[in-house]
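Protein chains in written order, with the working numbering: chain A, 1 to 258; chain B, 1001 to 1258; chain C, 2001 to 2314; chain D, 3001 to 3314.
Virtual Cβ for every residue (Gly too), placed ideally from N, Cα, C.
The structure appears right after this line, and notes come after that.
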Ligand SMILES: Cc1cc2nc3c(=O)[nH]c(=O)nc-3n(C[C@H](O)[C@H](O)[C@H](O)COP(=O)(O)OP(=O)(O)OC[C@H]3O[C@@H](n4cnc5c(N)ncnc54)[C@H](O)[C@@H]3O)c2cc1C
Ligand SMILES: Cc1cc2nc3c(=O)[nH]c(=O)nc-3n(C[C@H](O)[C@H](O)[C@H](O)COP(=O)(O)OP(=O)(O)OC[C@H]3O[C@@H](n4cnc5c(N)ncnc54)[C@H](O)[C@@H]3O)c2cc1C
Ligand SMILES: Cc1cc2nc3c(=O)[nH]c(=O)nc-3n(C[C@H](O)[C@H](O)[C@H](O)COP(=O)(O)O)c2cc1C
Ligand SMILES: Cc1cc2nc3c(=O)[nH]c(=O)nc-3n(C[C@H](O)[C@H](O)[C@H](O)COP(=O)(O)O)c2cc1C
Ligand code: FES
Ligand code: FES
């Protein structure tokens, strides 16, 4: 059940480049979050500006601790990663749909950049059998944007791509996907919208079930304001309520990419 | 000459109660400020809110360092004293009129609360002879609101009053004034408006010259916006240009106190 | 502000035939139909639930994106998406009725007829305590001019709805335009309560892509940025002495923000944007308002109405 | 944004007969008469100096306090205090003329006659490059309704001033009210340039003392809070294709804020509140705008005008 509560900043760690790890405590309500679910975060210090809470995927949980992997892209994220230990943050969560429970058979996980966050929780929550069946394709612009590679590699098979070839294979995640789709039971993906659209198309062509985790600007995060609508094949979808995780086929990709 | 420049926060020290000492460096432009002059301060971090710079009296200078004595009363002052060392602050100054250069003869300085700031600079700038002739009446609500008493006492005669009698004489600064006005050449005062009005009246009755340092909400701090007007006997006075230090007789006290 | 438990303040307000337990309501469009929040918010603690706007038939919303954050404010272009007044009456109203809360139903249309249909339907519906007309809609039969921008058009519209319902009829006005003239026309036409007001037309453009931030190009600004504009609107309408209670809406975040509206002349308030980021905002604000009453030594929140001290007052 | 010295961008703009070296001007009332700032700001770097508003005879201001800070904005009630148009022409204009800058003189009145007197005086004055009429003033002969709220009244006023001057005549409009209709009336009456716009009526009350924060009770809201409202006004007036250049005003703090106005359809901008807190704001904003042009690969700032990409554009 969604709860609204205030948590405390335990640490903010700079990971690399524009990526930070925000750890909150007093987050019992998020302990059983499912991979793909997210939380709306709003530091109390924001007062009149920024106004809105910001959505972030639940990346890791441990007791009443929750970690978020945050990429700074604007004033909200900039301010969030400058929070001091002990600051209070209003949290709404866990919100939204989760990736489907793994069916039997090989799973391909495709993460682009900070889209790693919900995929990371999937790996955490999976059992050994599921992990043995899973391959993560993890793409970034450059080697410096890759995080937690060692940890990830110990748990699932990992294929890394970078756009500049500074680590792993040079190219895009989609270049590595096709060869893995054969016999694959499920594709789960999170990353830039354009990337996910491509992933969805490849999975569709291979007739492999595919779930994507969409993004949209949000105000309420709980299906109230109708602000986070994205075009779906059967009418608008609310990313915070119908998503963020959606069967790829439900999304009207042409409209989304306009 | 007034300059607009950016300075760096060196330290912020909590003094007592709601009083803080803010030390800026890179303030060469303020080095020769006269007692009563002030500066408009605006941390770069404010961005869209708060909007306006805030005026503060120059309390002490030393080389390119300047100290401000700041009482937190609202969001601007609250935020200012939470600045970290190294933060950049836009500064406009020195602005405004100064207390008159001491004439010969006894001077009575009357400071209420944080009104001590410009009086403190007067004492710093005075020579030994002037200090020997000066008496400071320094009032506060309670003992905890009194600051720098030792330093002050080493330099001028100090009479302290507190409203609750927790230190010095119990009562108001004005209770102690009358006996000192006999033979006094000049009264200089800064503090709450109601207090200054009272001081001005007593000085007037004793036919002693009196200068007050007024306050007003300011936007530009340099005579441009006409925002800081206060009623004067000969039409409105701009606190930032005609003041803050004004001959008490120029102020229309009745209107000011409405 | 500390709240002393031993002090009692009468928080009730009377809005022409509708008594509220306290003056802090949700604002239309920021609390859905109330029922979505029943597990997060104690609905009985709200002054009233004000629903998302309804039209006679279901309405699609605007194209995405629909939300952009401005400075100290939010611009939205939801497009009044809703499932229609009948769906509301069948699906949501029975659930809402089971909670001990007042229900104010917001509605709108593109023609006078649309408004009248809604008003008649809601008049007949059990559990609707008051009807709030959103006048900030374009009149498609008058070249798209907003009903609420023209006093005579606003008056005609209110009069038509007045004939369709005997329940309390609230008119929600625009903060921009000839606000006093429109207010007077609405009261003359039979509005029981005036709500001030709606969002302010606004726009943002992404300089990098050169595209408008919203799919609908422009939207409505809400939040702290508009608070002083709304307080002024309440103040000038209050001074016009139209004889009906006013509801202040715009940028309320704290009990003191709400108090400003009451002092300016409002009898009650609605909280929109803040409710989006803090589901329980109304209840906290009510508590802060009660603490403010205690601090101001008033025993009834109604004593604050229009109690702003002007020149010459002591 | 980094500014590459090797790139050249043509920053000049042409406002119906008045060429500016760059599109960033000061806004009336926030830069005095220019001369006060000559030691702090290189006046030649400004697109133009726009003066504080002048009336035919000296005018006292409002009672204190005159400034209150709102959320992301400032409310002022200065009351158009000024020493009169003749004093300006004798004392300030000769000094201003000695600097290589464009001078736009803002003026206002309480009657049509007031406006005409100012326009005629400024028409005759050497060193005045353009006249900016402030239409947000109450017409004392029309019960205090603002000239700029009524299209026909605005049109008559502009026509009267048009007859009094052959210099470029700019009309500065209100952001609230029937903005497109008023804009059209002004252009039809001969305005060369439209400026959008003035502050938005607003009010704040101190809950502790229950007094209005301003001596004049209400004032005008400026600053970041109104930026999206002003961008939208420029956008809708630009779409009306009235055939005159627009000047965007409201809440500009950065070069990107200014760029939004240009993309919405403005040819130039004015910077008010930010100039109060940063005397050199216009010059920094001009530099940021130039850097933005380089980033956007436009060789002339004029290419940004109305270049907002709407539906279907690539
Ligand atoms: C369900 C969901 C889960 C998310 N999970 C994560 C997560 O785990 N980690 C994480 O770092 N982010 C995540 N995001 C994205 C995050 O919410 C945004 O980056 C954040 O809200 C931006 O706020 P800001 O104030 O910093 O940016 P703003 O100042 O609001 O925007 C700055 C600029 O960045 C652009 N921008 C804003 N949001 C995005 C975006 N999402 N993608 C690309 N550009 C954008 C804007 O258009 C603007 O030009 C998630 C979003 C959703 C909807
Ligand atoms: C020439 C001059 C010199 C000054 N020197 C000093 C100084 O050396 N040290 C110092 O601490 N302060 C000084 N001040 C006062 C200081 O500028 C204000 O306290 C400050 O601007 C308040 O900003 P804020 O944002 O914290 O308060 P706001 O949030 O703007 O206001 C909070 C509340 O406090 C009230 N308030 C605001 N300003 C004052 C005030 N000046 N007095 C009483 N109540 C107020 C407001 O009405 C409001 O209710 C000086 C003022 C002037 C004009
Ligand atoms: C997302 C959103 C949706 C809204 N939908 C409606 C609506 O359907 N009908 C209406 O009358 N007002 C609607 N409003 C306006 C609010 O009810 C309120 O008048 C406005 O937001 C100002 O209040 P605030 O500043 O507290 O948000 C909406 C506002 C927002 C932010
Ligand atoms: C202190 C102050 C004084 C002003 N005086 C005038 C004036 O005399 N004439 C005028 O047309 N506008 C006046 N304005 C309005 C500004 O020129 C400008 O239109 C408005 O502030 C919006 O721009 P901003 O948000 O950049 O400040 C004044 C604004 C302020 C803040
Ligand atoms: S963010 Fe409000 S409905 Fe999704
Ligand atoms: S603060 Fe602007 S004139 Fe004094």
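- By the neighbour-count definition (other C-beta atoms within 10 Å, threshold 16), residue 1073 of chain B is an exposed residue.
- If you draw a straight line from the Cα of residue 3204 of chain D to the Cα of residue 2232 of chain C, it is about 8 Å long.
- Using a C-beta cut-off of 8 Å, the stretch 1201 to 1220 of chain B makes no contact with the stretch 2006 to 2022 of chain C, since fewer than three inter-stretch Cβ pairs fall below that distance.
- C-alpha of residue 1121 of chain B to C-alpha of residue 1111 of chain B: approximately 12 Å in a straight line.
- Within chain D, not a single residue places a beta-carbon under 9 Å from that of residue 2153 of chain C; the smallest gap is close to 13 Å.
- Listed along the chain, the chain D residues whose CB falls inside 7 Å of the CB of residue 1227 of chain B are 3066, 3067, 3076, 3078.
- Judged by DSSP in its simplified three-state form, residue 255 of chain A adopts helix.
- Every residue whose beta carbon comes nearer than 5 Å to a heavy atom of ligand 1 appears here in chain order: A:38, A:54, A:55, A:56, A:57, A:70, A:71, A:73, A:74, A:75, A:76, A:77, A:114, A:117, A:215, A:244.
- The three-state secondary structure of residue 211 of chain A, taken from DSSP, is strand.
- Here the alpha carbons of residue 3266 of chain D and residue 3013 of chain D stand approximately 11 Å from one another.
- For residue 2069 of chain C, the enclosing beta strand (DSSP E) covers residues 2067 to 2070.
- From the listed residues B:1118, B:1117, B:1113, the smallest Cα separation to residue 1142 of chain B is found for B:1113.
- Identification of chain B residues near residue 3071 of chain D by a Cβ-Cβ cut-off of 7 Å yields 1049, ordered along the chain.
- Distance from the Cα of residue 2015 of chain C is smallest, within the candidate group C:2301, C:2268, C:2304, C:2145, for C:2268.
- Using a Cβ distance threshold of 7 Å, residue 2066 of chain C and residue 227 of chain A count as a contacting pair.
- Exposed is the label assigned to residue 132 of chain A, since fewer than 16 other Cβ atoms lie within 10 Å of its Cβ.
- Taking the beta carbon of residue 90 of chain A as reference, the chain C residues within 7 Å of it are 2278, listed in sequence order.
- Within the stretch 3190 to 3210 of chain D, contact with chain C at the beta-carbon level (separation under 9 Å) is assigned to 3200, 3201, 3202, 3203, 3204, 3205, 3206, 3207, 3208, 3209, 3210.
- From the beta-carbon of residue 3235 of chain D, the residues of chain C found nearer than 9 Å are 2203, 2205, 2212, 2217, 2218.
- A distance criterion of 6 Å places the beta-carbon of residue 1227 of chain B in contact range of ligand 6, judged by its closest non-hydrogen atom.
- The DSSP-derived three-state label of residue 28 of chain A is helix.
- For the stretch 3154 to 3188 of chain D, the set of residues with a beta-carbon nearer than 9 Å to any beta-carbon of chain B is empty.
- Under the rule that a run must span 3 or more residues, the beta strand (DSSP E) segments found entirely inside the stretch 2073 to 2151 of chain C read 2073 to 2076, 2103 to 2107, 2130 to 2134.
- Taking 8 Å as the upper bound on Cβ-Cβ separation, chain B lies near residues 3253 of the stretch 3251 to 3269 of chain D.
- Three or more pairs of CB atoms, one per stretch, sit closer than 8 Å, so the stretch 3191 to 3204 of chain D contacts the stretch 3215 to 3225 of chain D.
- Within chain A, no residue has its CB atom less than 7 Å from the CB of residue 2287 of chain C, the nearest being about 16 Å off.
- With its beta carbon less than 7 Å from one in chain C, residue 217 of chain A belongs to the interface.
- Two segments are said to touch when three or more pairs of C-beta atoms, one from each, lie closer than 8 Å; by this definition the stretch 2020 to 2033 of chain C touches the stretch 2041 to 2053 of chain C.
- In the three-state reduction of the DSSP assignment, residue 1119 of chain B falls in the helix class, which pools H, G and I.
- In the three-state reduction of the DSSP assignment, residue 3011 of chain D falls in the coil class.
- Taken through DSSP and simplified to helix, strand or coil, residue 3287 of chain D comes out as helix.
- With its beta carbon at least 7 Å from every one in chain D, residue 1123 of chain B lies outside the interface.
- For residue 3242 of chain D, there is no enclosing beta strand (DSSP E), as DSSP marks it with neither H nor E.
- Interface criterion met: the Cβ of residue 3308 of chain D is under 7 Å from a Cβ in chain C.
- Nearest CB-CB separation between residue 3242 of chain D and chain C: not below the 7 Å threshold.
- Going by C-alpha positions, residue 3228 of chain D is about 15 Å away from residue 2227 of chain C.
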